[in-house]
Structure formats: C-alpha cells, structure tokens
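In the numbering used here, the protein residues as written are 147 to 412.
Inspection log for the structure reproduced underneath, given as structure tokens.
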C-alpha cells in the first residue's frame with residue numbers, strides 16, 4: 147500500500163491520506179492511528195518529492211522555510227484537536243473534504259490550473275523554466291514571509307486531524323494573498339508537508355495517541371511511499387490531462403465510498 151500510495155502521490159500530487167486513511171481503517175486501525183500512519187507516509191514521500199523539486203530548481207528554500215515553520219506550529223495544534231474530537235466526527239469531516247475536492251476538481255473546466263493536483267501535473271509535465279535557488283534567511287522577513295507562515299500554520303491545523311497533505315488549503319491561500327502560480331505553490335506545499343507531518347507524528351506519539359504498532363505500520367508504509375514517489379513523477383510523462391483527471395477522480399470516489407462504509411457500518 148505504501149508503494150502504491152507513493153506512486154499516486156508522485157503522479158497526482160496528493161498527500162496520500164485519501165488512500166492511506168481508509169486503507170488503515172479497513173486494516174482495523176482506529177481513525178487516530180490511521181491518521182498517524184498517513185502522516186508518517188507523507189513524511190517519507192514529501193522528503194523525496196522536495197529533493198526532486200530542489201534538484202530541478204523548483205523549490206525556493208527561503209520561502210519554504212517560513213511555510214514549514216508555520217506548519218510545525220499548526221501541526222501541534224492540529225494534533226491536539228485530533229486527541230479531543232471523536233473519531234467518527236473527524237471521519238465525517240474527512241468525507242466532506244474529499245467530496246468537496248472531488249466536486250471542485252470534477253467540474254473544473256478552466257484552462258489555467260487552479261487545484262493543487264492540476265498544478266502538480268502542469269508543473270512536471272511541461273518542463274517549465276526552473277527558478278533560481280535562494281539561500282535560507284536567518285534575519286530578514288517581510289509581508290510575503292508572514293503570509294507563508296500563516297498559510298503553513300492554518301493548513302497544519304486542519305490537515306493534521308484529517309491525515310491529508312493540505313494542498314486544498316495551500317492553493318487558495320497562496321493564490322489569493324500572494325498571487326502565486328503553480329511553479330511556486332506546488333513545491334512550497336510539498337516542502338510544508340515535510341515539517342507539518344514530522345511535527346504531527348511527534349506530537350501524536352508523545353501524546354500517546356499513537357502506539358508502537360501503528361508507528362511500525364507507518365514506517366513500513368512510508369518506506370514503500372519513499373520508493374514510489376519518483377516512479378509516479380516519471381509516469382506523468384506517459385499521461386495526458388484527461389487521463390490524469392479521470393484516474394484521480396476515481397481514487398477520490400473510492401476513498402469516499404470506503405470511508406462512508408466504515409463510518410456507517412462501524
């Protein structure tokens with residue numbers, strides 16, 4: 147499952163929670179444990195994806211560091227929310243979020259990509275000109291950096307309880323406030339996931355929401371994802387936008403049905 151999730155993460159640009167959370171629940175893990183497993187998987191896959199983006203010259207570490215710091219803080223608060231809210235409520239929210247993503251993506255006919263998944267495909271399929279790499283700052287901070295930190299913080303709060311990457315929040319936030327295009331948003335969103343997922347896993351384990359068995363399952367899933375991400379990104383060259391969209395909608399639909407089944411049947 148980790149290998150499959152890694153391939154889909156690289157191919158579609160999704161965090162993998164849409165696949166891992168329902169799968170772990172069906173494997174008789176609790177929802178909280180399923181989220182922890184998903185976060186560990188995202189940690190592995192996002193590291194690989196960020197390295198690939200950096201080597202391609204697509205990741206701006208200066209801006210990424212601010213989004214990542216916000217994600218660290220937001221993930222701590224998000225982990226606390228996961229501990230105090232009933233699993234069934236969070237499962238219902240998970241279904242609503244995936245349904246919203248499904249509907250928005252299914253009926254999107256804009257030529258310019260607006261969703262994280264579309265942006266990811268557009269970025270890796272069209273060989274856009276790489277951006278110039280910049281050093282990580284230690285002192286300077288302006289409005290842009292503040293917005294990036296706030297985006298990471300807000301996304302971390304809501305994405306951690308759902309075990310999802312957070313691209314659904316990152317795209318409108320950075321697109322509206324900073325007018326960023328896909329060449330910036332996709333690498334920043336993925337880099338944010340590295341730190342938000344790490345912070346979330348540590349917080350959940352220290353809070354005893356995760357046990358050793360679920361951590362072991364998360365590591366195994368993560369190793370599979372680690373191996374699959376690069377494959378998924380290379381597969382983009384073999385697909386077109388229509389195929390990409392249909393396959394992703396299928397994954398969303400299966401995720402919705404699987405979670406609904408478990409939520410209703412118990």
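Positions of the beta carbon are idealized from the N, C-alpha and C atoms, including for glycine.
Check	Outcome
The segment 152-165 contacting the segment 179-198, beta-carbon criterion three pairs below 8 Å	yes
The segment 199-217 / the segment 289-296 touching (three or more Cβ pairs under 8 Å)	yes
Sequence ranges, beta strand (DSSP E) only - wholly within the segment 332-397, length at least 3	none
Beta-carbon contacts of residue 333 that lie in its chain and below 6 Å, excluding the five residues immediately before and after	199, 204 and 205
Buried or exposed (CB count within 10 angstroms, at least 16 for buried), residue 359	exposed
Local conformation of residue 283 per DSSP, three classes	Since pLDDT at residue 283 reaches only 47, below the 50 mark, its modelled position is unreliable, and no value is offered.
Residue-level contact to chain B via CB, residue 316, 9 Å cutoff	The structure shown contains no chain B; it is built from a single protein chain.
Cβ-based neighbour list, residue 350, same chain, cut-off 6 Å, excluding 5 preceding and 5 following	182, 225 and 356
Residue nearest to residue 383 in terms of C-alpha spacing, selected from 271, 156 and 162	271
Residue of 315, 353 and 410 minimising C-alpha distance to residue 247	315
Other residues of its chain near residue 245: CB distance less than 7 Å, five sequence neighbours each side excluded	402
Contact under 9 Å by Cβ, residue 218 with residue 341	yes
Option in 262, 202 and 365 with minimal Cα separation from residue 321	262
Other residues of its chain near residue 405: CB distance less than 8 Å, five sequence neighbours each side excluded	167, 168, 171, 237, 240, 241 and 244
Option in 410, 399 and 208 with minimal Cα separation from residue 252	399
Exposure of residue 390, with buried meaning 16 or more beta-carbon neighbours within 10 Å	buried
Boundaries of the alpha helix (DSSP H) in which residue 208 is found, first to last residue	207-230
Cβ neighbours of residue 179 in the same chain (closer than 6 Å, five flanking residues each side left out)	360
Closest Cα partner of residue 196 within the set 266, 233 and 325	266
Residue 199, DSSP secondary structure in three states	helix
Rounded separation between residue 186 and residue 344 - CA only	7 Å
Close Cβ partners of residue 306 (< 6 Å) along its chain, the five nearest in sequence each way excluded	221, 224, 225 and 346
The ligand SAH heavy atom lying under 8 Å from the CB of residue 207	For the ligand SAH, the structure offers nothing, since it holds no ligand at all.
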